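**Student:** Residue 132 is where the sequence shown starts when you use this note's numbering, and the numbers rise one by one after that.
Quick one: this structure, given as structure tokens, is what I'll be asking you about.
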Amino acid sequence: MRLYLLFLLSSMNLWAFSQNEKVITIPVVVHVLYNQSHENITEDQIRSQLDAINADFSRSNTDFSNVPAVFAKVSATVNIQFELAVSDPQGRSTNGIIRKRTTRLMWSDDDKIKSSSFGGSDAWDPSRYLNVWICNTVPGLSGYASLPNSDPKKDGVVIRYDAFGTRGAVVAPFNKGRTMTHEVGHWLGLKHLWGDTPCGDDGIQDTPRQRGGNTGSPVFPKITVCNGTPHGEMFMNFMDFTNDASMGMFTEGQKNVMRSNFNPGASRYSLTQSNALSPASSSAIAPVEVTATTIAIYPNPVVGNSFQLQLKTGGGSIGKHYAIIASNGQIVQTGYIQQSSTRISVGYLAPGIYQVRLTDVESNQYTKFIKQ
Ligand SMILES: [Zn+2]
């Protein structure tokens with residue numbers, strides 16, 4: 132009876148501990164570099180990738196059920212999540228996606244894609260963002276990653292456009308988003324299970340030794356000369372080279388290595404303090420609100436299906452573009468000011484507070500309105 136109670140208490144403590152574990156959320160910026168239009172992948176494809184990696188890092192991937200029970204016992208809910216940034220490094224609203232046409236047909240792992248001087252796209256501050264570059268890569272390369280404590284200008288992961296996400300331009304067998312899951316594993320300090328040496332080790336206790344990288348769709352159990360256990364190699368681990376559909380887990384040991392990067396003082400701790408997932412705050416842009424004297428909205432609150440955008444100080448803004456931005460930072464409408472008073476239709480907008488910004492004015496002038 133006592134033993135039973137002790138067991139019950141200790142498992143309750145474990146349960147409480149795991150319930151209290153903090154989910155770490157990483158702001159992501161995706162740089163899409165394209166030469167051919169099909170390489171300019173859709174936002175839907177990008178979002179399908181985030182859904183996939185978030186499932187893998189929360190052990191809610193539907194194919195986790197394929198993991199053999201003996202390995203499922205050491206599998207982990209990593210509790211790290213990834214979201215597109217909503218604020219850019221200057222504190223302005225963003226959808227977290229940069230698109231850039233390039234004259235280069237393909238990219239290797241020489242990091243040139245991370246530099247605008249080579250036709251690539253410069254990293255956003257890696258202490259606040261996970262940078263992801265999407266491009267056409269040289270044959271045989273589906274992606275690569277920088278390790279913790281690497282050159283900040285080159286920090287992030289590069290993924291081939293057709294091995295990213297689960298929809299759109301994605302091509303089997305790398306069509307379940309596992310290239311990013313694998314590369315982010317490296318970005319958080321994980322090695323391949325065989326440590327890149329024959330019969331080697333990754334330094335993690337609960338992953339078995341492997342002869343080398345597995346490819347294709349191995350059958351369980353896969354026993355090799357350097358892996359004498361009856362269960363064989365853990366080829367369904369995300370840090371192997373198997374097809375996306377054959378993968379499904381990280382271990383507790385791998386989780387501990389990955390999460391340790393976010394401890395205070397550790398290499399990626401600053402990402403936990405990033406404000407890139409907070410909508411561009413009104414306090415951050417308050418200093419330029421004085422320039423709202425140049426534009427005004429009538430009536431405000433907007434009660435009907437449209438409002439009048441009035442330029443108060445003459446025609447200085449005629450010819451400028453404007454954007455209407457919702458409180459979550461999303462741009463919901465854009466247009467062009469043709470005269471000093473312009474009627475703008477917003478009947479489709481949900482009730483709420485919106486900004487109207489002059490988007491090609493240096494100081495990013497804006498004013499707010501309430502849609503009722
Ligand atoms: Zn790798």
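Quick reminder that beta carbons are idealized off the backbone N, C-alpha and C, glycines included.
Model, not experiment: these values are computed from the prediction.
Just reading off the beta strand (DSSP E) that residue 213 is part of, what are its end residues?
**Tutor:** Counting along the chain, the beta strand (DSSP E) containing residue 213 begins and ends at 211 to 215.
**Student:** Which of helix, strand or coil does DSSP assign to residue 177?
**Tutor:** Residue 177 falls in the helix class under three-state DSSP.
**Student:** Once DSSP output is grouped into helix, strand and coil, what is the label at residue 259?
**Tutor:** Residue 259: coil per DSSP, three-state reduction.
**Student:** Can you grab the Cα-Cα spacing for the pair residue 377 / residue 219, in whole Å?
**Tutor:** Taking the straight line joining both Cα atoms gives about 37 Å.
**Student:** Can you check which of these residues, 244, 354, 350, is closest to residue 268 by C-alpha distance?
**Tutor:** Answer by Cα proximity: 244.
**Student:** Quick one: what's residue 520 bridged to in DSSP?
**Tutor:** Since the first and last residues shown for the chain are 132 and 503, residue 520 lies out of range.
**Student:** Sort 360, 293, 304 by Cα distance to residue 177 and report the nearest one.
**Tutor:** Of the candidates 360, 293, 304, the one whose C-alpha sits nearest the C-alpha of residue 177 is 293.
**Student:** Check this for me: beta carbons of residue 411 and residue 222, under 8 Å apart or not?
**Tutor:** The answer is yes: Cβ separation under 8 Å.
**Student:** Under 6 Å Cβ to Cβ from residue 405, same chain only, skipping five residues before and after it: list those, please.
**Tutor:** 158, 259, listed in sequence order.
**Student:** With a cut-off of 6 Å, give the chain-ordered residues whose Cβ is closer than this to any heavy atom of ligand 1.
**Tutor:** This criterion selects 313, 317, 323.
**Student:** Quick one, are the C-beta atoms of residue 320 and residue 237 less than 8 Å apart?
**Tutor:** No.
**Student:** Please report the residue range of the alpha helix (DSSP H) in which residue 385 lies.
**Tutor:** Here the alpha helix (DSSP H) through residue 385 covers 383 to 391.
**Student:** Give every residue of the same chain whose Cβ lies closer than 8 Å to the Cβ of residue 311, excluding the five residues on either side of it in the sequence, and list them in chain order.
**Tutor:** Excluding residues within five positions, the ones whose Cβ falls inside 8 Å are 180, 183, 184, 263, 274, 288, 290, 295.
**Student:** Using C-beta distances below 7 Å, list every residue in its chain close to residue 300, excluding the 5 sequence neighbours before and after it, in chain order.
**Tutor:** 169, 172, 176, 292, 293.
**Student:** Going by beta-carbon coordinates alone, are residue 374 and residue 391 separated by less than 8 Å?
**Tutor:** Against a cut-off of 8 Å, the Cβ pair of residue 391 and residue 374 comes out as no contact.
**Student:** Among 382, 353, 394, which has the Cα closest to the Cα of residue 336?
**Tutor:** The candidate whose alpha carbon is nearest that of residue 336 is 382.
**Student:** Just mark residue 280 as buried or exposed, buried being the case when its beta carbon has 16 or more other beta carbons within 10 Å.
**Tutor:** It is exposed - the Cβ of residue 280 has fewer than 16 other Cβ atoms within 10 Å.
**Student:** Going by DSSP, which residues form a beta bridge with residue 476?
**Tutor:** Residue 476 is bridged to 437.
**Student:** Cα-Cα, which of 167, 196, 205 is closest to residue 232?
**Tutor:** Among 167, 196, 205, the Cα nearest to that of residue 232 belongs to 167.
**Student:** Hey, out of 473, 186, 226, whose CA is closest to residue 207's CA?
**Tutor:** It is 186 whose Cα lies nearest to the Cα of residue 207.
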